[in-house]
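Working notes, structure below.
In the numbering used here, the protein residues as written are 19 to 318.
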């Protein structure tokens with residue numbers, strides 16, 4: 019069966035690739051994740067190539083070769099407990115709320131807080147708001163508390179490195195999927211342990227993934243899960259499923275959103291994924307895509 023691995027050094031889903039590493043959604047060493055400090059290091063690479071500020075490759079002669087995207091890409095989980103004001107809030111959430119974060123990534127490739135309230139999602143769209151207002155109850159406390167979600171903060175969160183594995187749904191289908199309706203990648207004896215007290219699993223965590231891929235016409239990327247989920251393509255918000263809510267889904271249609279995202283077929287772009295599991299009592303995480311090759315993006 020063809021596999022796509024999200025793990026430590028690269029990703030390959032092309033038929034005939036030799037797949038390496040990957041252990042489903044199990045947590046790895048439990049050591050702190052990579053440094054969150056920013057630097058003037060070179061731009062993220064794909065298949066050993068460097069895209070310029072427009073997403074153009076300096077040399078694309080080898081782009082997409084199967085042996086160039088073999089391996090695994092890192093996933094960083096950060097464990098929290100219910101002492102954090104944004105996790106296990108008294109308000110359990112209501113609907114998908116958009117515009118909680120800015121539609122552009124910050125210079126350090128992290129999402130930026132925009133609103134505590136947001137706006138309700140317009141059904142059938144990846145980022146638009148409906149023409150009514152949500153209940154006047156904050157779902158994120160402040161910019162300061164949100165800044166802790168995807169950055170290592172001693173005493174506030176504990177970072178752990180791990181992998182996800184996508185499997186081809188059926189041989190030759192060209193669709194790759196990871197799906198769990200029992201998504202607890204941090205073990206009961208890891209991070210802060212079982213939280214909140216009285217539960218049987220380790221809730222309250224965030225998920226961070228950074229990838230590069232080649233945009234090819236007719237590509238799609240679908241997510242279903244809870245709670246918050248933001249996906250940025252080329253640094254721009256492409257799918258917004260923010261706030262605490264039940265399992266909700268959304269799809270990035272790269273052709274339909276190409277102009278908004280500033281992308282052109284045949285060129286390399288970044289994909290940055292930010293997820294949060296903030297409230298009991300369920301945890302769902304499902305990805306399905308026809309993107310055939312990812313490579314890791316290094317965040318400085």
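For each residue, glycine too, the CB sits at the ideal point set by N, CA and C.
Every value quoted in this text rests on a predicted model; they were computed, and no experiment measured them.
Among the options, the one whose alpha carbon lies nearest that of residue i
i, options, result
"residue 135", "231, 220, 260, 103", "260"
"residue 143", "224, 270, 111, 163", "270"
"residue 133", "148, 114, 159", "159"
"residue 213", "113, 105, 234", "105"
"residue 186", "138, 166, 315, 305", "305"
"residue 225", "235, 190, 168", "168"
"residue 103", "164, 111, 211, 179", "164"
"residue 297", "111, 93, 94", "111"
"residue 116", "217, 147, 125, 172", "147"
"residue 202", "284, 109, 221, 120", "221"
"residue 137", "119, 129, 126", "119"
"residue 236", "284, 101, 139", "284"
"residue 191", "101, 208, 310", "310"
"residue 122", "293, 272, 256, 262", "256"
"residue 262", "290, 130, 299", "299"
"residue 207", "199, 218, 197, 198", "218"
"residue 312", "178, 199, 230, 172", "230"
"residue 289", "129, 215, 188, 151", "129"
"residue 124", "303, 254, 162, 302", "254"
"residue 193", "215, 234, 211, 238", "238"
"residue 152", "139, 98, 172", "139"
"residue 170", "216, 209, 234", "209"
"residue 278", "145, 107, 200", "145"
Residue range of the beta strand (DSSP E) that includes residue i
i, result
"residue 12", "Given a span of 19 to 318 for the chain in the structure shown, any question on residue 12 remains unanswerable."
"residue 224", "223-232"
"residue 292", "286-295"
"residue 219", "Residue 219 -> no beta strand (DSSP E), and no H or E assigned at all."
"residue 267", "266-271"
"residue 251", "247-251"
"residue 194", "194-198"
"residue 312", "312-314"
First through last residue of the alpha helix (DSSP H) which encompasses residue i
i, result
"residue 146", "First-last for residue 146: undefined, no H or E at that position."
"residue 161", "161-164"
Three-state secondary structure (DSSP) of residue i
i, result
"residue 187", "coil"
"residue 279", "helix"
"residue 131", "strand"
"residue 256", "strand"
"residue 177", "strand"
"residue 63", "Residue placement at residue 63 is poorly supported in this model, since its pLDDT is 37, which falls under 50; the coordinates still yield a value, given next. Note: residue 63 maps to coil in three-state DSSP."
"residue 72", "Residue placement at residue 72 is poorly supported in this model, since its pLDDT is 47, which falls under 50; the coordinates still yield a value, given next. It is coil, neither helix nor strand."
"residue 208", "coil"
"residue 88", "Only weak support is given to the placement of residue 88: the predicted model assigns it a pLDDT of 41, under 50, and the question is left unresolved by the model."
"residue 20", "Its pLDDT being 42, under 50, residue 20 is placed unreliably by the model, and the measurement read from it follows with that caveat. The answer is coil: DSSP assigns residue 20 none of H, G, I, E or B."
"residue 299", "coil"
Sheet register partners of residue i (DSSP bridge)
i, result
"residue 138", "115"
"residue 96", "177, 224"
"residue 306", "195, 240"
"residue 213", "220"
"residue 122", "254"
Whole-angstrom C-beta distance between residue j and residue i, which should lie under 8 Å
i, j, result
"residue 286", "residue 232", "6 Å"
"residue 264", "residue 244", "6 Å"
"residue 155", "residue 96", "Actually they do not touch by this definition, with Cβ atoms about 25 Å apart."
"residue 182", "residue 93", "6 Å"
"residue 252", "residue 281", "6 Å"
"residue 267", "residue 307", "That pair is no contact at about 13 Å."
"residue 174", "residue 166", "5 Å"
"residue 204", "residue 249", "Their Cβ separation, rounded to whole angstroms, is 21 Å, which puts residue 204 and residue 249 out of contact at 8 Å."
"residue 180", "residue 303", "Not really, about 12 Å apart at Cβ, beyond 8 Å."
"residue 172", "residue 131", "Not a contact, Cβ separation roughly 21 Å."
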